[in-house]
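Residue numbers (the numbering used here): 2 to 207. Heads up, the beta-carbon is just placed ideally off N, CA and C, and yes, glycines get one too. Remember, it's a predicted structure, so these values are computed and weren't measured experimentally. Taking it in order: structure first as structure tokens, then the write-up.
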Amino acid sequence: WHWGGCSDNIDFGRLFGREFVDSGEKGRDLRFLMNLHNNEAGRTTVFSEMRQECKCHGMSGSCTVRTCWMRLPTLRAVGDVLRDRFDGASRVLYGNRGSNRASRAELLRLEPEDPAHKPPSPHDLVYFEKSPNFCTYSGRLGTAGTAGRACNSSSPALDGCELLCCGRGHRTRTQRVTERCNCTFHWCCHVSCRNCTHTRVLHECL
């Protein structure tokens, strides 16, 4: 096969993205380091998810010559990878090399909160602030909690009662609901509807 030389210019994209996104980060605090690291992790993910695509050339579709190039991944593919890494993100703190002669740039680095863990790789996402407990109400933090929230008893996703209710369980009740139905448009210009009453099963977090 022949290399087409028409791959997406990922090197220029990384350079432009670094200058455009990272230039907004100011200061030299822990948030600054975290944002720079996560920005680079996103760009690294785009680069690592690039895939080779090829096109065959020849009589009657025979692949006598094949031209190949590298293509950027879809936004969905990148988002799925970053979501997985978000779920596995590690908490970090300021690193300290312990040398008075080390430059400030060398001292500015991230280290895992747990010394037994490895330092974050260029692909990993990191954070430094612990997330509040969104399961319970807190007026100080402004979290409403999940008590009384409607949930889906048959869903394993985030809207499911098992996850949304934070293991506290849920109650089930029935409710009679009256809604407009069988609407008809009459020329011109009026819509007439009937009122339909049905029973709805509701699940709410305890």
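Between the alpha carbons of residue i and residue j, how many angstroms are there, rounded?
i    : j    : result
E205 : C197 : 24 Å
V93  : L37  : 13 Å
E50  : P113 : 26 Å
W70  : N10  : 11 Å
V22  : R72  : 22 Å
R174 : V127 : 42 Å
M35  : A42  : 10 Å
S155 : G149 : 17 Å
Could you check if residue i is buried or exposed, using at least 16 other CB atoms within 10 Å of its CB as the buried criterion?
i    : result
H171 : buried
T147 : buried
C166 : buried
On a CA-only basis, which of the options is nearest residue i? Give me that one, please.
i    : options              : result
P120 : P133, C136, G96      : G96
F129 : S139, A148, A90, A42 : A90
G25  : G14, P123, N40, D12  : N40
R52  : T68, T46, R44, P74   : P74
D81  : C55, R110, R72, T46  : T46
L83  : G168, R110, R44      : R44
E180 : C190, R201, R77      : R201
Checklist entry - Which parts of the stretch 156-207 are runs of the alpha helix (DSSP H), unbroken and 4 residues or longer, counting only runs that do not cross its ends? => result Taking only runs of at least 4 residues, the alpha helix (DSSP H) segments lying wholly in the stretch 156-207 are 162-165.
Item to check | alpha helix (DSSP H) segments (min. 4 residues) lying fully within the stretch 17-57 | outcome: For the stretch 17-57, whole alpha helix (DSSP H) runs of length 4 or above, ordered along the chain, are 31-49.
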